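Below: the structure, in structure tokens.
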Amino acid sequence: MYLAPALVVLGGLLVYPIYQLGLISFFQYTQAQVSGGEPTTFKGFGNYSELFSDSQFWQVLLSTVLFAGACVVSTLAVGCALAVLLTRVRALPRLVLMLAALGAWATPAVTGSTVWLLLFDPDFGPVNRILGLGDHSWTYGRLSAFFLVLLEVVWCSFPFVMVTVYAGIRAVPSEVLEAAALDGASQWRIWRSVLTPMLRPILTVVTIQSVIWDFKVFTQIYVMTNGGGIAGQNLVLNVYAYQQAFASSKYSLGSAIGVVMLLMLLAVTLVYLRLLRRQGEEL
Amino acid sequence: MKLAPRFAVLLAAAAVAAGCAPQTSDNSSSDKDDKSGTLRVWLFQEVGNDPKAKVVDSVVTAFEKAHKGTKVDVEYIPIDTRAQRVKAAFNDPKSAPDVMEYGNTDTAGYVKDGGLLDVTKEFGAWSEAKDTDPTAKQSVTVDGKTYGSPFYVGVRALYYRTDVFKDLGLQPPKSMAELAATARKIHKAKSDLYGLVVGGAYTYGAMPFVWANGGELATAKGGSGGSYTSAIDSAAAQKGIKAYTSLFTSDNCPAAKCAVMGGNDTITAFAAGKAGMAIGGDFSHTAVEAGKVKGKYAVVPLPGVASGSVAPAFAGGNNIGVLKSTSHRTLAVDLMEQLTSKATQASMFDAMGFLPTFTDVRGAAAAKVPFEKPFVQTLAAGTKFVPASPGWSEIDSSLVLPTMLQEVISGKKSVAAASGDAAKKMNSAFSSAG
Amino acid sequence: MSLLRGLGGFVRRPRRPWRLAAEASALLIAVVVAFPLYWMVLSAFKPAGEIESSEPRPWTLAPSLDSFRRVFGQQEFGRYFVNSLVVAGSVVIVSALIAFLAATAVTRFRFRFRTTLLIMFLVAQMVPVEALTIPLFFTMRGLGLLNTLGSLILPQIAFSLPFAIWMLRGFVKAVPDALEEAAYIDGASRSRFLWQILFPLVFPGLVATSVFSFISAWNDFLFAKSFIISDTSQSTLPMALLVFYKPDDPDWGGVMAASTVMTIPVLVFFVLVQRRLVSGLGGAVKD
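Residue numbers (my numbering), protein chains in the order written: chain E, 1 to 283; chain B, 1001 to 1434; chain S, 2001 to 2287.
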């Protein structure tokens, strides 16, 4: 009963479009078919084999996985570290840091990317000025461009981790910690053996969400590296799909990429949940 | 909570609704031809749109007076999101306009999408059409049929700093070799200036180099199919690519900064006084005027290979067409002609500086405004257009040519390898687009 | 300050120099984190030409409202603002209510496919949104919602629901079962328990999840540019502000002023719910 509204909305607006998405990926489906200029034709796995035989696809896939991995790890590390830091300071600095983080969180992705680009602009930006780098261009090198985008991604996504984990730590009953401290446990041990297990449900949610978000990163790459960087060196899967498919209206190929991404994310999540369950966590 | 049945019902409903094939719209041409009612028009929203709107308003008022019982509803759409809007309009004829402005490189794609109405007969019968210049005519033509009326043309030429040239005792370059030498001289004498600012993502700045060297983007296979084969890896084209990419060096425009630039970035740099020369369009005039270099620059045609010749430029610009789904065919075609008539184009030139597509009107315009002279010269010397294939928009949006240029500039690939790869991608786009 | 006392246990009351060092670094990090925002607002106030100066200064001597004037000078700016508020507001309220019911169901009842359903909610978030606009376009056309705010509200609700349900689960779980039993013993009906007891208890959680739906609805322009085709009166703020992002005429001042205007309502929303947010997100852990 309670589920009915959710199921209706999700069924109509998510499940059904996803079903259509899967369907489209097996057809020849370009703008000409959409607007009725030409009939749709069934291609079977044609779109997928076209995709898998494209060497650029594999290269982009690899950099996506590495880049998303780096983003997830950095975001979690920064978020958790700052959450712990928040617990050790008095109210005023805590409030200041919290507000700064909320500000970063509130910034729309397009805006954030533009501002970061302006900050690191070789001619007009203050960062090169402060670091004395002259007119060094951050977006020219492949790694340095990825690094710049990573900074922006971490900047706008660590607040979620920080606030959530901080709230989680706060919710841990103080008696538990006091007892551990009385037993003479070191702080690292307290974090490892007392807090981590208690925070696991929150860390699970935070990790899964970060993986999903960072794997699908689009705006930051699109805006900051001008659609994929020099000669496409900074492409990630979502931007690649957009360029290969939506910009040139090959919807079926784009849908195929979408399905591949969906399956990969699903696999990662299921493996992660399986690992958790083995450790006695239940969903 | 009996979930399973509920779910099954949902899925079944979905399957029934979907049939077995993905959804499409039925965008067959409407056979209705109402002689009254409301006509919807989409025009692009320009940076300073008011003068444009004024000209359009006077055309619309005259049109409404001439056709009793008609109302014209003009909407200015942002250029940035036009692709989505137009595609959506093709997919939902109810939301579609009757008449719209579109970029001339989109013609073939929109025709293939089945969105534009074939107006060959009406355009041929229109008395003013015979003065349309051939390149503009080509930009509304696909497979010998006409799909709209040219609205204005845009073309690029060489902007240079008069003060810098005077300081260094330089003359505007007469050939491509001189252009490169002059650029290096400027950068050597004034290291804070790019000699000639170039961009790795500036396709239409690079193309003149290819064309001037006798290269082509693609050659038509012949026949009525209108299919193309890429020629970007031909020896002549490679020479042009080499000439352009050799400008990305520390003695002119360092690759680290220039490789990412697009056309607008180069104009911004020139307007901000950071470059001795730039390749800009007649439409860049306002941006340059608003910059630091106001009053300190002049324009000449971009020189070709032989001394004193003009490099073929890309003929950009916009057209106005009628949508297939219109229910006011006669009225819409008439409005299209009114919006692109000689009189409208002449006042549009006065208002916005858009270069007219009629050779006679354009000549008169150039005589009035000296700034336009080099651009009209460039047009007169012969311009080139992108392949009239729907594959072109795919090549354009998947950044095939910028990728090629950037691969060469950053030293990732040789000219031969990069152009070979680009040719392969172009051919697959041409063939899949049919 | 009960908060501090609660945490004292974790860190055995840090020694003074350590705490000062921690506080100093917290403030320093706050400055670094806030710097891009400061630069954004600063650039919005800089007079024309000063942004493109090769001597970037962290202040401006002649603050100017020109950039903001360009932003507010947009046709029907007020209308777009209201439209955006309507969209974000409806998405927040409707998705919060639906998610509350659904989260209650998946935590309070055990049924077959419960886990499957939960994973489905996760899967729903994994699809690249860009890929779904085409099928959604036809769905919206079928419902006759194209060119209306409804075509923005419905998909946004659908996209924010799965995450909201996931987040809310934790809060509903945190309410002891004993409370529910006690309520029934006192003769409360099911709906009375749901709305008068459970709802207030998980309200902080609802606030926390609302933040997400608010941000995504507020910032969306993908749906807006795909579904609002011919009726500009139904356009939203990001669409209007997109004018300044156009590559033809990089108007940094306009972009930054537009960004500031976009960000401020979210910040206000954040500050309003800040306290609830922290206590809210914490609820998810009290399993």
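Using N, Cα and C, we set each Cβ at its ideal position, and we do this for glycine too.
These numbers were taken from a predicted model, which means no experiment stands behind them.
Identity of the residue in the options nearest residue i by Cα
i: Gly1205/B; options: His1328/B, Asn1252/B and Ala1313/B; result: Ala1313/B
i: Phe2060/S; options: Arg2070/S, Ser2043/S, Ser2067/S and Gly2073/S; result: The sequence given here has Thr at residue 2060/S, not Phe. The shortest C-alpha separation from Thr2060/S is found at Ser2043/S.
i: Arg2169/S; options: Val2202/S, Leu2194/S and Pro2063/S; result: Val2202/S
i: Ser1410/B; options: Gly232/E, Gln243/E and Ala91/E; result: Gly232/E
i: Val127/E; options: Met2256/S, Thr2209/S, Ile2229/S and Arg2057/S; result: Arg2057/S
i: Ser49/E; options: Phe26/E, Val65/E and Thr64/E; result: Phe26/E
i: Leu45/E; options: Ile221/E, Trp58/E, His136/E and Ala256/E; result: Just to set this straight, residue 45/E is Phe in the shown sequence, not Leu. The shortest Cα separation from Phe45/E among Ile221/E, Trp58/E, His136/E and Ala256/E belongs to Ala256/E.
i: Gly1124/B; options: Tyr1147/B, Asp1113/B and Val1293/B; result: Tyr1147/B
i: Pro159/E; options: Val110/E, Gly103/E and Trp116/E; result: Gly103/E
i: Ala1138/B; options: Ile1232/B, Ala1181/B, Lys1190/B and Asn1318/B; result: Looking at the sequence provided, one finds Gln at residue 1138/B rather than Ala. Cα-wise, what sits closest to Gln1138/B is Asn1318/B.
i: Pro1402/B; options: Phe124/E, Gly229/E and Leu270/E; result: Gly229/E
i: Asp1133/B; options: Asp1143/B, Tyr1152/B and Val1119/B; result: Tyr1152/B
i: Met2262/S; options: Ser2151/S, Asn2219/S, Ala2174/S and Val2031/S; result: Asn2219/S
i: Ser1397/B; options: Ala1201/B, Glu1128/B and Gly1144/B; result: Ala1201/B
i: Met162/E; options: Val60/E, Val268/E, Ala83/E and Asn47/E; result: Ala83/E
i: Glu1337/B; options: Glu1128/B, Ser1058/B and Thr1070/B; result: Glu1128/B
i: Gly134/E; options: Gly1103/B, Asp1192/B and Gln1171/B; result: Asp1192/B
Expected contact under 8 Å - CB spacing of residue i and residue j to nearest Å
i: Val2172/S; j: Thr2115/S; result: Their Cβ separation, rounded to whole angstroms, is 16 Å, which puts Val2172/S and Thr2115/S out of contact at 8 Å.
i: Val9/E; j: Ala2158/S; result: 5 Å
i: Val89/E; j: Glu2023/S; result: 5 Å
i: Asp1033/B; j: His1328/B; result: 7 Å
i: Pro1374/B; j: Val1300/B; result: 5 Å
i: Gln1973/S; j: Val2082/S; result: Because chain S in this structure spans residues 2001 to 2287, residue 1973/S falls outside the shown range and cannot be described.
i: Ala2258/S; j: Val2071/S; result: 5 Å
i: Val206/E; j: Val165/E; result: 7 Å
Neighbour-count burial assignment, residue i, 16 or more Cβ in a 10 Å radius
i: Trp1211/B; result: buried
i: Tyr29/E; result: buried
i: Lys1065/B; result: exposed
i: Ser1250/B; result: exposed
i: Asp1163/B; result: exposed
i: Ser1224/B; result: Residue placement at Ser1224/B is poorly supported in this model, since its pLDDT is 47, which falls under 50; the coordinates still yield a value, given next. It counts as exposed.
i: Val1386/B; result: buried
i: Ser1414/B; result: exposed
i: Gly184/E; result: exposed
i: Pro2017/S; result: exposed
i: Trp188/E; result: exposed
i: Lys1436/B; result: In the structure displayed, chain B extends from 1001 to 1434; residue 1436/B sits before or after that span and is not available.
i: Phe2269/S; result: buried
i: Ile2264/S; result: exposed
Contacts that residue i makes with chain B (C-beta to C-beta distance below 8 Å)
i: Ser2233/S; result: What Ser2233/S touches in chain B: nothing, since even the nearest Cβ is about 11 Å away.
i: Gly227/E; result: Leu1399
i: Asn2083/S; result: Residues of chain B passing the Cβ test: none, with the nearest at roughly 16 Å.
i: Asp135/E; result: Lys1257
Under 9 Å by beta carbon: chain E residues contacting residue i
i: Gly1200/B; result: Ile230 and Ala231
Any non-hydrogen atom of the ligand ZN within 7 Å of residue i CB
i: Leu2154/S; result: As presented, the structure is devoid of all ligands, the ligand ZN included, so that no description of it is given.
Chain-ordered chain B contacts of residue i [CB-CB under 7 Å]
i: Thr139/E; result: Val1260
i: Ile2229/S; result: Arg1085, Ala1088, Ala1089, Asp1092 and Ser1095
Interface residues of chain B facing residue i [CB-CB closer than 9 Å]
i: Pro122/E; result: Ala1256 and Lys1257
Partners in chain S for residue i, counting only beta-carbon separations shorter than 8 Å
i: Trp58/E; result: Within 8 Å Cβ-Cβ: nothing; Trp58/E doesn't reach chain S, min ~19 Å.
Partner residues on chain S for residue i, Cβ-Cβ distance less than 7 Å
i: Gly44/E; result: What Gly44/E touches in chain S: nothing, since even the nearest Cβ is about 20 Å away.
i: Pro5/E; result: Ile2098 and Leu2101
is_contact[residue i, chain C] using C-beta, thresh 8 Å
i: Gln2196/S; result: In the structure shown, chain C does not exist; the protein chains are E, B and S.
Chain-ordered chain E contacts of residue i [CB-CB under 7 Å]
i: Glu2023/S; result: Val89, Arg90 and Pro93
Looking at chain S, which residues of the stretch 239 to 263 of chain E have a Cβ within less than 7 Å of any of its Cβ atoms? Ala241, Tyr242, Phe246, Tyr251, Gly254, Ser255, Gly258, Met261 and Leu262
Going along the stretch 1390 to 1421 of chain B in order, which residues come within less than 7 Å of chain E, judged by CB to CB distance? Residues of the stretch 1390 to 1421 of chain B whose Cβ lies closer than 7 Å to any Cβ of chain E, in chain order: Ser1393, Glu1394, Ser1397, Ser1398, Leu1399, Thr1403, Gln1406, Glu1407, Ser1410 and Lys1412.
Members of the stretch 1080 to 1091 of chain B that neighbour chain S once the beta carbon cut-off is set at 8 Å: Result list: Asp1080, Thr1081, Gln1084, Arg1085, Ala1088, Ala1089 and Asn1091.
Of all the residues that make up the stretch 2176 to 2191 of chain S, which are near chain E by a beta-carbon distance shorter than 7 Å? none
If the cut-off is 9 Å on Cβ atoms, which residues from the stretch 1092 to 1104 of chain B count as contacting chain S, listed in chain order? Asp1092, Lys1094, Ser1095, Ala1096 and Pro1097
Counting only Cβ-Cβ distances shorter than 9 Å, please list the residues of the stretch 202 to 222 of chain E near chain S, keeping chain order. Ile202, Val205, Ile208, Gln209, Ile212, Trp213, Phe215, Lys216 and Phe218
Listed from N- to C-terminal order along the chain, which residues in the stretch 2207 to 2225 of chain S have their beta-carbon within a distance smaller than 9 Å of any beta-carbon of chain E? Residues Ala2208, Val2211, Phe2212, Ile2215, Trp2218, Asn2219 and Phe2221.
Which of the residues in the stretch 2122 to 2144 of chain S, read from start to end, lie with their CB under 7 Å from any CB of chain E? Leu2122, Val2123, Ala2124, Gln2125, Met2126, Val2127, Pro2128, Glu2130, Ala2131, Leu2132, Ile2134, Pro2135, Leu2136 and Thr2139
What residues from the stretch 1057 to 1082 of chain B come within 8 Å of chain S, judged by C-beta to C-beta, listed N to C? Glu1075, Pro1078, Ile1079, Asp1080 and Thr1081
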